[in-house]
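Numbering (my numbering), first residue to last: 421 to 721. Okay, so here's the structure we're looking at.
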Ligand SMILES: [Fe+2]
Ligand SMILES: [Fe+2]
């Protein structure tokens, strides 16, 4: 997937400026990414980076020991974390930390709350689907957490310049509306950011394809899972007051069967049932497990 050059598009100068604000990850993330992307990982070099960026390393360690990974034993250094979680997971976690850090400086508090509420919902549902399918649940959680990184520049611009577009850019994730307004959508913007931040290829594909999954295509499992979680968590599910429970359940089964075509109808029904309570909590804004996740992110970052 190629990196996007926003400046090649007929779009607003403000959007270019907003994209440039996400141009580079924090220095600590660059250093960690450089070490963790190599195979095998040089643990001595990783230790040097951890000492050079001790506050960041400490925050990452908290997240490593959180329920996101559910380790049997706590880890006490990033070197141990790289061994226990795997270098790829630690790399994704450090990128997620970097996005949280950057977004906290760029979005208003209410925008950031809206942004992370949705991303945490998609992260949790992605994690649940992955666990149900015996895939890597923590990888799915982080992919869901990062899937909408491309919305950040649009949110900055819509807050500053385009009040009439605000609701759409924040909540609907309508790539058609975004393209109409800006000449570009958040998936393309996200691919540009993810490329510049050197996201792993698996995450980059999630960022770019979670709204445009080809039903008969051969997209990786991770893209399918996050795409399903996105559709389950998206409008109108969380705002429609008139949708009956049975209609929503039918919608959930349709979403799942389109994105996970290897499942038979009985498996789809069972999975939709398994997700029903989590989605209900999300719909009511109660979400106890999401609250725990949000606390972990805020504590760690
Ligand atoms: Fe989303
Ligand atoms: Fe999205």
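In this text, a Cβ means the ideal position worked out from N, Cα and C, and glycines have one as well.
Among the options, nearest to residue i - alpha-carbon criterion
i: residue 437; options: 575, 554, 498, 455; result: 575
i: residue 480; options: 569, 518, 540; result: 518
i: residue 602; options: 617, 577, 698, 677; result: 577
i: residue 686; options: 695, 698, 696, 673; result: 673
i: residue 647; options: 679, 600, 523, 609; result: 679
i: residue 543; options: 594, 597, 488; result: 488
i: residue 573; options: 499, 455, 604; result: 604
Residue i, DSSP secondary structure in three states
i: residue 485; result: coil
i: residue 599; result: helix
i: residue 681; result: coil
i: residue 619; result: coil
i: residue 626; result: helix
i: residue 645; result: helix
i: residue 460; result: coil
i: residue 660; result: Residue placement at residue 660 cannot be trusted, given a pLDDT of 47 that sits under 50; what the coordinates show is reported in the next sentence. Reduced to three states, the DSSP call for residue 660 is coil.
i: residue 605; result: coil
i: residue 570; result: coil
i: residue 639; result: coil
i: residue 632; result: coil
i: residue 666; result: helix
i: residue 477; result: helix
i: residue 504; result: helix
i: residue 687; result: helix
i: residue 693; result: helix
i: residue 698; result: helix
Contact belief for residue i with residue j at Cβ below 8 Å, rounded distance in angstroms
i: residue 526; j: residue 453; result: Wrong, their Cβ atoms sit about 20 Å apart, outside the cutoff.
i: residue 633; j: residue 644; result: 7 Å
i: residue 627; j: residue 566; result: 7 Å
i: residue 642; j: residue 695; result: About 17 Å; that fails the 8 Å criterion.
Residue i: first and last residue of the uninterrupted alpha helix (DSSP H) it sits in
i: residue 508; result: 507-526
i: residue 535; result: 529-552
i: residue 454; result: 447-456
i: residue 469; result: 463-472
i: residue 495; result: No alpha helix (DSSP H) contains residue 495, which DSSP labels as neither H nor E.
i: residue 433; result: 433-441
i: residue 564; result: 557-566
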